[in-house]
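Residue numbers (the working numbering): 5 to 479.
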């Protein structure tokens with residue numbers, strides 16, 4: 005049979021040839037009736053190994069068994085009429101298979117969350133990278149590890165059906181904000197249709213969902229329409245100071261970029277992000293006895309306090325927000341402090357606000373004779389502005405509609421690795437991870453009933469040709 009998937013308004017329709025597919029029964033366990041503590045092993049099976057989905061009908065030919073095989077139809081007239089076309093077969097096949105895989109993805113997320121991976125802890129991050137590499141290899145990925153100063157990054161690639169097309173880039177991370185030992189008093193727990201635990205929504209759920217989507221295609225003997233590249237960095241939670249180079253390298257020639265961060269709590273995708281910069285302000289003073297020789301000392305703490313008052317004024321400018329996240333300095337109450345520092349987190353709604361504020365911070369000078377002030381940018385992400393029209397969002401929204409999902413997008417307040425491609429005008433969407441809430445908070449959770457819809461959406465997005473996303477056709 006042939007069905008037509010509506011593409012974005014400026015794109016092309018997609019004709020999908022689908023043959024018989026045997027879809028197994030859905031796995032129970034996408035919701036629970038009472039609390040249960042999941043005991044993640046860290047070495048559990050990948051989504052592919054854990055799947056109990058029935059295989060594709062072995063009697064069908066390769067062409068006949070393709071549930072999501074797709075070829076482009078370039079006629080403008082077809083695109084104009086595709087919006088109301090009937091869609092027998094394709095949405096049901098993807099959605100049914102996604103429901104079958106949801107239980108395995110739930111367990112996979114719990115296993116990944118059971119491997120603690122705080123930013124900067126290279127041994128633990130590398131252990132998780134090894135687990136992720138094995139899982140993605142099981143779906144057909146070619147994987148390589150990229151050493152970093154605080155843990156290995158991962159770069160993975162899946163061959164597409166049309167290797168002449170620009171690749172689709174997906175970005176994610178496997179570090180979390182949670183220190184080692186968090187699991188001791190906050191284990192991964194399933195209750196009332198939610199999975200809670202450190203890192204489940206940011207972003208081990210997103211990694212598990214992508215593995216599930218690729219497992220779904222592999223289950224059906226399919227490859228993505230175009231080659232897919234995935235970069236999983238180990239330092240996103242501290243601004244990707246090293247991982248950024250890998251993301252930047254894979255941007256070259258990319259047709260579009262997707263992010264695996266969690267969506268808005270209501271499920272909407274993220275269509276723009278504020279810029280984000282971490283700055284360290286370091287003050288050097290001169291130590292002296294606080295009682296006998298106070299006149300000989302220069303207090304670095306007092307100087308830092310006065311500098312922070314000035315900085316708060318700078319942050320009051322339009323388009324800029326400031327959080328003083330950490331302050332340290334001095335040694336004892338009877339010693340004039342010789343050194344003090346503060347780490348600032350700044351958010352910017354525009355590139356101009358970011359440039360203006362950072363220029364002002366770079367020009368800070370000491371207020372006290374004998375003191376020295378130095379500012380250092382630790383990491384910086386440019387602002388990603390909202391894109392008018394957003395054909396990529398229209399395309400994803402159309403795919404969601406044929407899967408029976410309602411989906412939209414909105415700007416986000418936080419920053420991430422999608423800031424970089426978004427700031428450069430590349431078609432970019434974030435929020436393809438697990439639906440939930442509480443990132444960086446003790447109530448962090450994902451909604452289990454939303455795993456299957458996200459798996460199906462990502463699988464469809466990988467399998468179906470992209471429409472025209474920029475001035476020239478992208479394939």
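Built from N, CA and C at the ideal position, the CB exists for glycine as well.
A quick note: this is a predicted structure, and the numbers were derived from the prediction, not measured.
For residue i, which residues from the same chain have a beta carbon less than 8 Å from its beta carbon, with the 5 sequence-adjacent residues on both sides left out?
i: residue 369; result: 377
i: residue 446; result: 190
i: residue 188; result: none
i: residue 182; result: 120, 122, 202 and 203
i: residue 373; result: 302
i: residue 184; result: 120, 122, 125 and 128
Restricting to Cα atoms, I'd like to know which of the options is closest to residue i.
i: residue 100; options: 464, 470, 306 and 456; result: 456
i: residue 150; options: 97, 102 and 247; result: 247
i: residue 166; options: 299, 473, 468 and 472; result: 468
i: residue 462; options: 442, 437 and 186; result: 437
i: residue 474; options: 430, 186, 303 and 273; result: 430
i: residue 465; options: 218, 142 and 108; result: 218
i: residue 458; options: 249, 213 and 123; result: 213
i: residue 480; options: 346, 199, 178 and 186; result: This structure gives no information on residue 480, because the portion of the chain shown stretches from 5 to 479.
i: residue 412; options: 269, 95 and 329; result: 269
i: residue 292; options: 245, 367, 284 and 304; result: 304
i: residue 450; options: 243, 275 and 192; result: 192
i: residue 443; options: 199, 162 and 286; result: 199
i: residue 408; options: 197, 365 and 454; result: 454
i: residue 224; options: 242, 143 and 122; result: 143
i: residue 359; options: 381, 211, 334 and 226; result: 381
i: residue 210; options: 278, 273, 414 and 379; result: 273
i: residue 275; options: 314, 418, 315 and 103; result: 418
i: residue 364; options: 415, 290, 403 and 283; result: 283
i: residue 152; options: 403, 124 and 137; result: 124
i: residue 361; options: 315, 185 and 95; result: 315
i: residue 334; options: 357, 348, 289 and 206; result: 289
i: residue 420; options: 180, 231, 195 and 230; result: 180
i: residue 341; options: 242, 349 and 306; result: 306
i: residue 414; options: 402, 230, 348 and 435; result: 435
Since residue i is in the alpha helix (DSSP H), which residue starts that stretch and which ends it?
i: residue 385; result: Premise fails: residue 385 lies in the beta strand (DSSP E), 376 to 385, not in any alpha helix (DSSP H).
i: residue 137; result: 126 to 141
i: residue 401; result: 395 to 406
i: residue 392; result: From DSSP, residue 392 is part of no alpha helix (DSSP H); its letter is neither H nor E.
i: residue 458; result: 455 to 467
i: residue 427; result: 423 to 427
i: residue 187; result: 186 to 189
i: residue 362; result: 355 to 366
i: residue 217; result: 209 to 223
i: residue 372; result: Note, residue 372: premise wrong, no alpha helix (DSSP H); not H, not E.
i: residue 252; result: 248 to 255
Within its chain, find whatever has a CB closer than 6 Å to the CB of residue i; leave out the 5 residues flanking it on each side and keep chain order.
i: residue 432; result: 261, 422, 425 and 426
i: residue 173; result: 233, 254, 258 and 261
i: residue 126; result: 154 and 155
i: residue 216; result: 51, 105, 109 and 459
i: residue 160; result: 140, 145, 147 and 234
i: residue 396; result: 260, 431, 433 and 473
i: residue 367; result: none
i: residue 300; result: 292
i: residue 157; result: 150, 237, 238, 247 and 250
i: residue 186; result: 202
Would you mind reading off the limits of the beta strand (DSSP E) that contains residue i?
i: residue 332; result: 324 to 333
i: residue 305; result: That residue, residue 305, is in no beta strand (DSSP E); its alpha helix (DSSP H) goes 304 to 319.
i: residue 237; result: 232 to 237
i: residue 347; result: 343 to 352
i: residue 261; result: 260 to 263
i: residue 150; result: 146 to 150
i: residue 415; result: 413 to 416
i: residue 123; result: Premise fails: residue 123 is in no beta strand (DSSP E) and is neither H nor E.
i: residue 162; result: 157 to 162
Under 7 Å, do residue i and residue j count as touching if we go by C-beta distance?
i: residue 228; j: residue 440; result: no
i: residue 338; j: residue 375; result: no
i: residue 371; j: residue 310; result: yes
i: residue 428; j: residue 280; result: no
i: residue 204; j: residue 344; result: no
i: residue 264; j: residue 176; result: yes
i: residue 244; j: residue 237; result: yes
i: residue 169; j: residue 256; result: no
i: residue 138; j: residue 277; result: no
Leaving out five residues on either side along the sequence, give the residues of the same chain with a beta carbon under 7 Å from the beta carbon of residue i.
i: residue 346; result: 285, 308, 312, 328, 330 and 331
Consider the Cβ of residue i: report whether some Cβ of chain B lies at a distance smaller than 7 Å.
i: residue 379; result: Within the model displayed, chain B is absent; a lone protein chain is all it includes.
Meets three-Cβ-pair contact criterion under 8 Å: the region 325 to 335 and the region 347 to 359: yes
At least 3 beta-carbon pairs within less than 8 Å: the region 386 to 397 vs the region 310 to 321: no
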